[in-house]
Amino acid sequence: RSGCRAASSFSGCISPAEFGDNKCLILDAPAELCAGSGPFDIDVWLTKSHTSLDCHGATIDQRYGVDTEVRRSGFRTPYEYSVSDIDIRNCTLRNIGRYGFDLKRFFRNDAVERELDGPMIGHERISIYNVVIDHPRQMGVYVGQNSRDVSIDEVLIDHAFTGIYLEAGSTGTHVNHTVIYD
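Take 115 as the starting number for the sequence shown in the working numbering and just add one per residue.
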């Protein structure tokens, strides 16, 4: 994607200054944000299975961007293919777009028509741990169609229109020690 940096292009923890004009992080490898660093004006694309992001308490806050009217989701999975075994932890999301976590998966388009002959399995084994989602425009966490085993642990969702939405066919979502407020 244009305007994005791949996690695999960084060595060590990532600071906000390393993004420059880029507005997103493609999580193609395990990554860490630097503890105590300023807010990140990014969204994170969860494009590859078996990856992780530890924010170490850092904040993703999209209000600091040049175009504050075009706020994006905090974390987003691909709509066209499924990913699995992703761990997101110790993050704060503020002033983000429609979703804190957009884990949607679409099965009805020409690009994935061949999948319709087999089982439609969405994203699997996504772990969201110790995360604050403050003032998303619409939803805190959107668990997509036919997703399996999404874990939402120690999450605070504050001022969302909908805290957690489970799409049709999603199974095994575990919500533990989570607060959905206001």
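Heads up, the beta-carbon is just placed ideally off N, CA and C, and yes, glycines get one too.
In DSSP terms, what residue i is bridged to
i: Ala-120; result: Ile-140
i: Phe-220; result: Paired residues: none, contrary to the question.
i: Tyr-295; result: Asp-272
i: Ala-145; result: Leu-167
i: Arg-190; result: Trp-159, Asp-216
Reference residue i, options the options, closest by Cα
i: His-249; options: Leu-141, Asn-209, Phe-124; result: Asn-209
i: Ser-196; options: Asp-175, Lys-218, Arg-119, His-291; result: Lys-218
i: Gly-211; options: Phe-189, Phe-221, Ser-198; result: Phe-189
i: Ala-282; options: Gly-150, Pro-233, Ser-261; result: Ser-261
i: Ser-163; options: Gln-252, Ile-202, Ile-128, Glu-146; result: Ile-202
i: Ala-131; options: Ile-140, Asn-204, Gln-252, Cys-148; result: Cys-148
Close-in-space but distant-in-sequence residues of the same chain around residue i (CB under 6 angstroms, 5 per side omitted)
i: Ile-311; result: The structure shown does not extend to residue 311, since the chain is modelled only from 115 through 296, so no value can be given for it.
i: Thr-206; result: Thr-173, Val-246
i: Asp-175; result: Pro-153, Arg-208, Asn-209
For residue i, the three-state DSSP class (helix, strand or coil)
i: Glu-132; result: helix
i: Arg-208; result: strand
8 angstroms Cβ shell around residue i - same chain, five flanking residues per side excluded
i: Cys-138; result: Arg-115, Gly-117, Cys-118, Arg-119, Ile-156, Asp-157, Val-158, Trp-159, Arg-186
i: Ile-235; result: Ser-196, Asn-260, Arg-262
Residues near residue i in its chain [Cβ-Cβ closer than 7 angstroms; skip 5 each side]
i: Val-289; result: Ile-266, Ile-278
Review point. Which ranges does the beta strand (DSSP E) cover as unbroken runs of at least 3 residues, wholly within the region 248 to 279, from first to last along the chain?
Key: 253 to 257, 265 to 272
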